[in-house]
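Asker: Using the numbering used here, the final residue of the sequence shown is 574, and nothing's skipped along the way.
Where is the CB? At the ideal position from N, CA and C, for every residue including glycine.
Quantities reported herein were computed from a predicted structural model and do not represent experimental measurements.
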Amino acid sequence: MTSTAPASSLWRHADFRRYWGGQAVTVTGFGITAIGTSVIAVVDLHASTMHVALIAFAGKLPPLLLSLHAGVLADRYRKRPIVIGCDVLCAATLVSVPLAQWLAEITLFQLYAVAFLVSALRVIGGNASISYLPTLLGGEQLKEGNSKLGAANSLADLAGNNLGGLLVTALGAARAIALDAASYLISAWCVLRIRRPEPAPAPRPAGSSQWAEIRAGLAYTFKAPVVRPIVLSNATTSFVLAASSAIWSLYLLRELDWSPTSLGMVMGAGGIGGFLGALAWRPLERRWGAGPVMLTALALNPLAQIPLVFVGPGLGGQLAVGAGMVIQTCAAVAHGGVQRSVRQEVCPDHLQGRAQSTGAWLAFGLRPFATLLAGGLGTVIGLRSALAVITFALVAPFLVLWFSPVRTLRAVSTAAGPTAAVASRS
Numbered sequence: 149m150t151s152t153a154p155a156s157s158l159w160r161h162a163d164f165r166r167y168w169g170g171q172a173v174t175v176t177g178f179g180i181t182a183i184g185t186s187v188i189a190v191v192d193l194h195a196s197t198m199h200v201a202l203i204a205f206a207g208k209l210p211p212l213l214l215s216l217h218a219g220v221l222a223d224r225y226r227k228r229p230i231v232i233g234c235d236v237l238c239a240a241t242l243v244s245v246p247l248a249q250w251l252a253e254i255t256l257f258q259l260y261a262v263a264f265l266v267s268a269l270r271v272i273g274g275n276a277s278i279s280y281l282p283t284l285l286g287g288e289q290l291k292e293g294n295s296k297l298g299a300a301n302s303l304a305d306l307a308g309n310n311l312g313g314l315l316v317t318a319l320g321a322a323r324a325i326a327l328d329a330a331s332y333l334i335s336a337w338c339v340l341r342i343r344r345p346e347p348a349p350a351p352r353p354a355g356s357s358q359w360a361e362i363r364a365g366l367a368y369t370f371k372a373p374v375v376r377p378i379v380l381s382n383a384t385t386s387f388v389l390a391a392s393s394a395i396w397s398l399y400l401l402r403e404l405d406w407s408p409t410s411l412g413m414v415m416g417a418g419g420i421g422g423f424l425g426a427l428a429w430r431p432l433e434r435r436w437g438a439g440p441v442m443l444t445a446l447a448l449n450p451l452a453q454i455p456l457v458f459v460g461p462g463l464g465g466q467l468a469v470g471a472g473m474v475i476q477t478c479a480a481v482a483h484g485g486v487q488r489s490v491r492q493e494v495c496p497d498h499l500q501g502r503a504q505s506t507g508a509w510l511a512f513g514l515r516p517f518a519t520l521l522a523g524g525l526g527t528v529i530g531l532r533s534a535l536a537v538i539t540f541a542l543v544a545p546f547l548v549l550w551f552s553p554v555r556t557l558r559a560v561s562t563a564a565g566p567t568a569a570v571a572s573r574s
């Protein structure tokens with residue numbers, strides 16, 4: 149782990165500014181492509197519901213298939229070239245959309261391929277990027293860096309979704325996607341300009357295979373007494389929220405008769421909540437400790453979703469759901485910042501990539517199955533009842549952490565000893 153003395157402000161840390169800027173610009177661009185791809189599929193190609201679902205499925209499949217392998221790649225090689233290479237390949241993949249429109253025509257097969265390839269490259273590059281941050285920052289600076297990244301990503305996500313609609317309207321969907329391609333090139337340029345030398349990766353054990361290295365990452369994650377409950381809690385939260393997001397917009401539009409404008413404004417409120425959560429978690433963690441902050445955030449999750457189950461049509465219901473969305477995303481980003489910092493700080497350097505990828509594999513790999521489960525549940529018992537079951541299920545992640553050593557975790561140093569011991573035996 150890099151040990152860096154606290155600085156007065158990370159904004160004076162030139163390498164972090166470059167890293168931070170690259171992250172922010174790609175998150176903004178991603179929102180543009182999400183809207184642009186939907187418009188091309190639905191408006192230009194008149195895609196059926198199944199075709200649109202297949203595009204979404206193609207984009208959600210790579211975390212399940214590639215996350216564990218991405219961790220091995222990040223631990224075998226230097227991480228910065230991986231991040232740069234994936235950014236450049238993402239740009240090349242996205243620019244194929246406006247090129248296809250200019251030279252011939254865009255097809256649904258191309259949209260499937262673009263969704264899959266961009267998602268795959270984001271899995272590989274994103275894992276390398278997250279595990280690269282501890283080589284730039286350490287200790288309190290690492291926590292502060294995660295806080296600033298969370299705030300920037302929340303605002304960038306909000307800006308990308310709103311900017312995406314304007315750019316698609318003004319330029320056309322394919323040209324707007326070309327701007328997202330440019331954002332990846334900007335990100336690659338920012339990371340390329342980082343001056344701090346990256347340490348060489350630890351030598352691979354003689355005769356070690358990729359699967360053996362994956363098993364080492366899994367063993368570390370499931371044996372470390374603090375990391376294990378955090379990762380399992382994250383996976384449970386991600387699964388339940390994926391099920392909720394699969395049907396809640398349909399419920400609001402169809403059964404509560406919301407307009408698309410109202411739905412968009414409520415979704416935008418989530419970005420505001422995320423920004424507030426990113427600003428709040430560091431002072432709260434310093435005052436109360438990492439464990440209590442994570443537990444409080446998870447306790448707020450089901451409470452914030454209760455309005456979604458009980459409100460009726462009208463402005464009052466929209467305000468209630470919007471307030472719940474602000475609280476839920478605030479709690480989610482605060483929890484994410486704390487748990488990511490804890491996991492980064494206690495993890496040995498040679499396992500950073502695999503530790504991050506194992507958590508991502510568990511958290512994101514099951515999401516496609518959660519959407520199918522939510523669809524089946526909504527069909528059988530109705531959308532409102534399904535959302536009530538899902539809201540109740542959000543209690544499970546809290547219970548996972550409550551009955552674990554995380555409940556009494558105050559400072560990261562209290563977790564480092566046993567976790568490192570487990571890692572050394574893996």
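Excluding sequence positions up to five away, which residues of its chain have a Cβ less than 6 Å from the Cβ of T181?
Answerer: Apart from the 5 residues on each side of it in sequence, T181 sits with its Cβ closer than 6 Å to the Cβ of I325 and D328 in its chain, given in chain order.
Asker: For V441, report the span of its alpha helix (DSSP H) as first-last.
Answerer: A438 to F458
Asker: Of the choices L525, G422 and V190, whose alpha-carbon is the least far from that of A130?
Answerer: The requested residue 130 is not part of the displayed model; the chain covers only 149 to 574.
Asker: When you compare only the Cα positions, how much space is there between S381 and M415?
Answerer: 24 Å
Asker: Under the assumption that Q487 contacts I378 (Cβ atoms under 8 Å), give the Cβ distance between them as a whole number of angstroms.
Answerer: That belief holds up - the Cβ atoms of Q487 and I378 are roughly 5 Å apart, short of 8 Å.
Asker: Please specify which runs of the alpha helix (DSSP H), each continuous and at least 4 residues long, are wholly inside the segment 190-241, giving them in chain order.
Answerer: 197-224
Asker: So, is D235 buried or exposed, given that buried needs 16 or more other C-beta atoms within 10 angstroms?
Answerer: With a 10 Å radius around the Cβ and a threshold of 16 neighbouring Cβ atoms, D235 comes out buried.
Asker: Mind checking which residues open and close the alpha helix (DSSP H) that includes Y280?
Answerer: L256 to L284
Asker: Output yes or no for whether 8 Å exceeds the beta carbon distance between A508 and N275.
Answerer: yes
Asker: To the nearest angstrom, how far is the alpha carbon of L521 from that of H199?
Answerer: 19 Å
Asker: Does the beta-carbon distance from A417 to G464 come in below 8 Å?
Answerer: no
Asker: Could you give the DSSP three-state label for A372: helix, strand or coil?
Answerer: coil
Asker: Which value, in whole angstroms, describes the spacing of the CA atoms of S410 and Y399?
Answerer: 13 Å
Asker: Compare the C-alpha of A218 against each of F458, L311, A536 and I278 and name the closest.
Answerer: I278
Asker: Measure from the alpha carbon of L514 to the alpha carbon of each residue in T385, T174 and L242, then state which is nearest.
Answerer: Nearest C-alpha to L514: T385.
Asker: Can you list, in chain order, the residues of its chain with a C-beta nearer than 6 Å to that of C495? Leave out the 5 residues immediately preceding and following it.
Answerer: A503
Asker: So, with DSSP's three-state summary, where would you put H498?
Answerer: helix
Asker: Rounded to whole angstroms, what's the CA-CA distance from L427 to W168? Just pull it up for me.
Answerer: 15 Å
Asker: Assign D405 to buried or exposed, taking buried as 16 or more other Cβ atoms, counted over all protein chains shown, within 10 Å of its Cβ.
Answerer: exposed
Asker: Under DSSP, the alpha helix (DSSP H) around V554 begins and ends at which residues?
Answerer: From DSSP, V554 is part of no alpha helix (DSSP H); its letter is neither H nor E.
Asker: So for A480, helix, strand or coil by DSSP?
Answerer: helix
Asker: State the Cα-Cα distance for the pair P450 and L525, rounded to the nearest angstrom.
Answerer: 18 Å
Asker: Taking the Cβ atom as the reference point for each residue, do I188 and A321 lie within a distance shorter than 8 Å?
Answerer: yes
Asker: For the alpha helix (DSSP H) holding W337, just list the boundary residues, first then last.
Answerer: Start and end: A321 to L340.
Asker: Taking DSSP as the reference, what is the three-state secondary structure of L315?
Answerer: Under the three-state reduction of DSSP, L315 is assigned to helix.
Asker: Compare the beta carbon distance of V474 and I420 with 8 Å and say whether it is the shorter of the two.
Answerer: yes
Asker: Would you report the Cα separation of R323 and L247, rounded to the nearest angstrom?
Answerer: 9 Å
Asker: With the cut-off set at 8 Å, would you say A390 and V457 are in Cβ contact?
Answerer: no
Asker: For F387 and I232, I'd like the C-alpha separation in whole angstroms.
Answerer: 30 Å
Asker: Would you check if there are 3 or more beta carbon pairs closer than 8 Å linking the segment 280-299 to the segment 205-215?
Answerer: no
Asker: Go ahead and pull the three-state DSSP assignment for E346.
Answerer: coil
Asker: So with Cβ pairs under 8 Å, would you call L259 a contact of chain B?
Answerer: Here there is only one protein chain, and chain B is not present.
Asker: Comparing alpha-carbon positions, which option in S215, P229 and Q492 lies nearest S267?
Answerer: With distances taken between Cα atoms, S267 lies closest to S215.
Asker: By the three-class DSSP mapping on this structure, what secondary structure does G524 have?
Answerer: helix
Asker: Could you tell me if F257 is buried or exposed, where buried requires 16 or more neighbouring beta carbons within 10 angstroms of its beta carbon?
Answerer: exposed
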